[in-house]
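Here UniProt numbering is used: the first residue of the sequence shown is 1, the next is one more, and so on.
Virtual Cβ for every residue (Gly too), placed ideally from N, Cα, C.
Because the structure is a prediction, the values reported are computed rather than measured.
Single-structure report; data block below.
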Amino acid sequence: MDTPHVVPPVHARIVEGLERIATALKSDDWVRAQTVGLNPTQLAILRALDTRDGGMGVKELALLLGVSQPTTTDSILALERKTLVEKRGDPADGRAVRVVITGAGRDAVRSGDAAPGAVARATAALEDEDQEQLLVQLISVIRQLQEQGSIPIQRMCVSCRHFRPYAHTDAARPHHCNFVDAAFGQQDLRIDCRDHETADPSIRAATWMVFEKDRSPQPPGD
Ligand code: SF4
Numbered sequence: 001m002d003t004p005h006v007v008p009p010v011h012a013r014i015v016e017g018l019e020r021i022a023t024a025l026k027s028d029d030w031v032r033a034q035t036v037g038l039n040p041t042q043l044a045i046l047r048a049l050d051t052r053d054g055g056m057g058v059k060e061l062a063l064l065l066g067v068s069q070p071t072t073t074d075s076i077l078a079l080e081r082k083t084l085v086e087k088r089g090d091p092a093d094g095r096a097v098r099v100v101i102t103g104a105g106r107d108a109v110r111s112g113d114a115a116p117g118a119v120a121r122a123t124a125a126l127e128d129e130d131q132e133q134l135l136v137q138l139i140s141v142i143r144q145l146q147e148q149g150s151i152p153i154q155r156m157c158v159s160c161r162h163f164r165p166y167a168h169t170d171a172a173r174p175h176h177c178n179f180v181d182a183a184f185g186q187q188d189l190r191i192d193c194r195d196h197e198t199a200d201p202s203i204r205a206a207t208w209m210v211f212e213k214d215r216s217p218q219p220p221g222d
């Protein structure tokens, strides 16, 4: 018996934990998608398009969902047959096509997401403070994935040109969003904001430094 003498490193056990959660999320996705007669990739495409009024290109969708372009193309064709999406010319590029959600597609997203999944219920059961800490730690991991080029830039506050971390002295609402010109708290940090605009790399790095520095506990005597 190796436990507890040979313990895998913390990061390896965190990945084990994330794998368990990913399995539960996959199961939630299947249940939701089947409710509206789709598969999880098709519902994920509708969800992505639901918050992007200008639609998305096929390559952009494939990158966001982490699936191949042929799989994305097949899913879009199936959604088009069900009149849940439609293709339109790209005003910025005469040869490109944008995929846009229809009213029926938005209805499908609402129906699919109506019942919270098991992971949403388990997360909601945590104390408020624990939810906030988990949110911030997840943002840190997602940002690392972006920085190492494993995933595209996500629509998070920490990569947004409108984000001013710790612009206010109010501990409950220290951050500022220039887009809506309002203060907000750590628990309101966004991971997928429809109003997000990607900041330049140097601004993103500077913003992250302020966010990291000011959220870290200060050593005694500082
Ligand atoms: S626009 Fe959205 S992502 Fe950007 S700072 Fe405001 S809330 Fe955050």
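Backbone secondary structure at residue i - three-state DSSP
{"i": "His-175", "result": "strand"}
{"i": "Gly-221", "result": "Here Gly-221 scores only 42 on pLDDT, less than 50, and its place in the model should not be relied on; the value that follows carries that caveat. Coil, per DSSP."}
{"i": "Arg-112", "result": "The identity of residue 112 in the sequence shown is Gly, whereas the question assumes Arg. Looking at Gly-112 - three-state DSSP - the assignment turns out to be helix."}
{"i": "Arg-194", "result": "coil"}
{"i": "Met-209", "result": "helix"}
{"i": "Gly-66", "result": "coil"}
{"i": "Lys-82", "result": "coil"}
{"i": "Glu-19", "result": "helix"}
{"i": "Arg-164", "result": "strand"}
{"i": "Asp-50", "result": "helix"}
{"i": "Arg-98", "result": "strand"}
{"i": "Arg-88", "result": "strand"}
Distance, residue j Cα to residue i Cα
{"i": "residue 239", "j": "Ala-118", "result": "No information on residue 239 is available, as it lies outside the stretch 1 to 222 that the chain covers here."}
{"i": "Ala-120", "j": "Arg-98", "result": "31 Å"}
{"i": "Asp-53", "j": "Val-100", "result": "7 Å"}
{"i": "Ala-33", "j": "Ser-111", "result": "9 Å"}
{"i": "Gly-66", "j": "Ala-183", "result": "33 Å"}
{"i": "Gln-186", "j": "Ala-115", "result": "26 Å"}
{"i": "Asp-107", "j": "Ser-150", "result": "32 Å"}
{"i": "Cys-160", "j": "Leu-145", "result": "16 Å"}
Enclosing beta strand (DSSP E) for residue i [first to last residue]
{"i": "Ala-183", "result": "182 to 184"}
{"i": "Asp-200", "result": "Run containing Asp-200: none; DSSP gives neither H nor E here."}
Other residues of its chain near residue i: CB distance less than 8 Å, five sequence neighbours each side excluded
{"i": "Leu-189", "result": "Leu-135, Val-136, Ile-139, Met-156, Cys-157, Val-158 and His-175"}
{"i": "Val-141", "result": "none"}
{"i": "Gly-89", "result": "Ala-96, Val-97 and Arg-98"}
{"i": "Asp-222", "result": "Residue confidence for Asp-222 is low, a pLDDT of 40 falling below 50, so the modelled location carries little weight; the figure read from the coordinates is stated next. Around Asp-222: no qualifying Cβ."}
{"i": "Arg-143", "result": "Met-156, Val-158, Ser-159 and Trp-208"}
Own chain partners of residue i with C-beta closer than 7 Å, once the 5 adjacent residues on each side are dropped
{"i": "Asp-195", "result": "Phe-179"}
{"i": "Trp-30", "result": "Pro-40"}
Residue-chain proximity (residue i, chain B), Cβ-Cβ < 8 Å
{"i": "Arg-20", "result": "Among the chains in the structure shown there is no chain B, since it carries only a single protein chain."}
Start-to-end residues for the alpha helix (DSSP H) that takes in residue i
{"i": "Val-136", "result": "128 to 147"}
{"i": "residue 303", "result": "In the structure as shown, the chain begins at 1 and stops at 222. Residue 303 is therefore absent and cannot be evaluated."}
Sequence-distant residues of its chain with Cβ nearer than 6 Å to residue i (five each side left out)
{"i": "Pro-152", "result": "Leu-63"}
{"i": "Gly-105", "result": "Leu-46, Leu-84 and Val-85"}
Contact between the segment 58 to 75 and the segment 15 to 26 is defined here as three or more beta-carbon pairs at a separation below 8 Å; is this criterion met? no
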